[in-house]
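Residue numbers (this note's numbering), protein chains in the order written: chain A, 1 to 131; chain B, 132 to 262.
Protein chains: 2
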Amino acid sequence: MPWPKSTKTVRIRKGNLYAADCPTRIVLDDVTSRWGSLVIVLLLEQTYRFSELAYRIGGISEKMLAQTLRVLEEDGFVLREVFPTKPPRVEYSLTPFGQELAERVQYLTSWVENNVAKVMGNREKSRQMSA
Amino acid sequence: MPWPKSTKTVRIRKGNLYAADCPTRIVLDDVTSRWGSLVIVLLLEQTYRFSELAYRIGGISEKMLAQTLRVLEEDGFVLREVFPTKPPRVEYSLTPFGQELAERVQYLTSWVENNVAKVMGNREKSRQMSA
DNA sequence: CTGTATCCGCTATGATACTG
DNA sequence: CAGTATCATAGCGGATACAG
Numbered sequence: 001m002p003w004p005k006s007t008k009t010v011r012i013r014k015g016n017l018y019a020a021d022c023p024t025r026i027v028l029d030d031v032t033s034r035w036g037s038l039v040i041v042l043l044l045e046q047t048y049r050f051s052e053l054a055y056r057i058g059g060i061s062e063k064m065l066a067q068t069l070r071v072l073e074e075d076g077f078v079l080r081e082v083f084p085t086k087p088p089r090v091e092y093s094l095t096p097f098g099q100e101l102a103e104r105v106q107y108l109t110s111w112v113e114n115n116v117a118k119v120m121g122n123r124e125k126s127r128q129m130s131a
Numbered sequence: 132m133p134w135p136k137s138t139k140t141v142r143i144r145k146g147n148l149y150a151a152d153c154p155t156r157i158v159l160d161d162v163t164s165r166w167g168s169l170v171i172v173l174l175l176e177q178t179y180r181f182s183e184l185a186y187r188i189g190g191i192s193e194k195m196l197a198q199t200l201r202v203l204e205e206d207g208f209v210l211r212e213v214f215p216t217k218p219p220r221v222e223y224s225l226t227p228f229g230q231e232l233a234e235r236v237q238y239l240t241s242w243v244e245n246n247v248a249k250v251m252g253n254r255e256k257s258r259q260m261s262a
């Protein structure tokens with residue numbers, strides 16, 4: 001059932017996306033997580049503060065926003081800057097590395113945005129077929 | 132808390148990705164679901180049978196594969212062809228619409244594959260910082 | 001303002017067994 | 001082969017309260 005390993009010296013140069021233990025999947029999950037992709041694409045616009053992100057991303061809770069941002073920061077996609085003012089102020093932006101990624105994500109999300117109507121139509125047909 | 136609606140006649144032409152009720156998010160979740168993106172990119176290679184997909188995508192269960200494929204089919208991304216042989220044989224492929232999507236997804240996944248090592252490195256640093 | 005800590009329900013997922 | 005049905009469970013994610 002596990003994937004047949006081609007050799008013993010399989011390295012993490014370019015992981016096999018289809019192997020159960022491929023680290024690429026882990027990273028991909030960060031990027032395509034429920035809120036991850038939204039945060040990434042939004043930060044492509046400009047730098048935002050925590051509360052601004054919370055406001056703009058409808059439906060997200062503080063907990064999930066903080067958690068999502070922390071993961072993206074650990075991965076090196078997002079830069080977190082703390083300004084020791086009173087009250088504190090934290091700004092989030094994309095690193096150059098994160099910008100590369102974000103452009104790819106946006107390439108996907110924008111396509112979905114532009115084609116969502118057609119998808120919803122396809123779903124309607126499906127529902128009628130089964131009815 | 133909800134996004135300020137620009138007008139009352141907001142339609143689903145081009146949804147607002149950041150609105151909680153935006154249908155784009157639903158479709159995006161289908162596409163970026165745990166197994167969705169893997170299936171989509173794999174089908175970009177060629178047509179596959181159910182069992183072939185199950186074999187190639189390490190770690191997926193039959194249940195999740197069937198479920199993922201059904202959603203992608205309803206969305207109009209995947210074509211399901213049943214050959215009434217004995218035993219039955221079902222082939223899955225991308226529709227032209229699905230191919231458009233798949234190319235966008237692959238554009239993302241391939242970047243992640245090529246940069247996963249750097250991400251893992253960034254994570255290491257993060258862990259050391261906090262230690 | 002920017003989070004963290006805790007509780008907790010719900011859903012997504014996996015394992016298993018079964019059907020056409 | 002290609003699924004479906006059922007059950008069990010982990011953990012996602014929301015609500016709330018609290019802290020620096």
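The beta-carbon is built from N, C-alpha and C at its ideal position, and this holds for glycine as well.
- Listed along chain A are Thr-32, Leu-108 and Val-112, each with a C-beta nearer than 9 Å to that of Val-162 of chain B.
- Taking a Cβ-Cβ threshold of 9 Å, the residues of chain B close to Glu-100 of chain A are Trp-242 and Asn-246, in chain order.
- Near chain A, meaning a CB-to-CB distance below 8 Å, the residues of the region 173 to 207 of chain B are Leu-173, Arg-187, Ile-188, Gly-189, Gly-190, Glu-204, Glu-205, Asp-206 and Gly-207.
- When the alpha-carbon of Arg-165 of chain B is set against those of B:Glu-183, B:Pro-227, B:Gly-189 and B:Tyr-179, the nearest one is in B:Gly-189.
- DSSP, read as helix, strand or coil, puts Ser-241 of chain B in helix.
- Phe-181 of chain B sits in a helix when the DSSP states are folded into three classes.
- Between Leu-69 of chain A and Tyr-48 of chain A, the CB-CB gap reaches or exceeds 8 Å.
- By the CB criterion at 8 Å, Val-170 of chain B and Leu-232 of chain B fall outside the cutoff.
- Beta bridge pairing from DSSP links Arg-220 of chain B with B:Phe-214.
- According to DSSP, residue pairing for Val-78 of chain A in a beta bridge involves A:Leu-94.
- Thr-109 of chain A is positioned such that its CB atom lies closer than 8 Å to that of Leu-148 of chain B.
- Between Val-247 of chain B and Ser-168 of chain B the beta-carbon gap is near 15 Å, outside 8 Å, which marks them as no contact.
- With respect to chain B, the C-beta atom of Ser-37 of chain A has a partner C-beta closer than 8 Å.
- At a cut-off of 8 Å between beta carbons, Ser-126 of chain A contacts chain B.
- With respect to the C-alpha of Phe-181 of chain B, the residue from B:Leu-210, B:Ser-257 and B:Tyr-238 having the closest C-alpha is B:Leu-210.
- Counting every other CB atom within 10 Å of its CB across the protein chains shown gives Ala-150 of chain B a total of 16 or more, marking it as buried.
- A distance below 6 Å between beta-carbons, with the five flanking residues on each side excluded, links Lys-256 of chain B to no residue of its chain.
- Per DSSP, reduced to three states, the secondary structure at Leu-17 of chain A is coil, with no helix or strand assignment.
- When rounded, the separation of the alpha-carbon atoms in Val-221 of chain B and Gln-198 of chain B is 15 Å.
- Of the residues B:Leu-203, B:Thr-155, B:Pro-154 and B:Ser-192, the one whose Cα lies closest to the Cα of Val-172 of chain B is B:Leu-203.
- Residues of chain A whose Cβ lies closer than 7 Å to the Cβ of Val-158 of chain B are, in chain order, Val-112, Val-116 and Val-119.
- Here DSSP, grouped into helix, strand and coil, assigns Ser-261 of chain B to helix.
- Taking a 10 Å sphere around the C-beta of Val-213 of chain B, we find fewer than 16 other C-beta atoms and assign the residue as exposed.
- Counted as a single uninterrupted DSSP element, the alpha helix (DSSP H) harbouring Ser-37 of chain A occupies residues 36 to 45.
- For Thr-155 of chain B, the uninterrupted alpha helix (DSSP H) segment begins and ends at 154 to 162.
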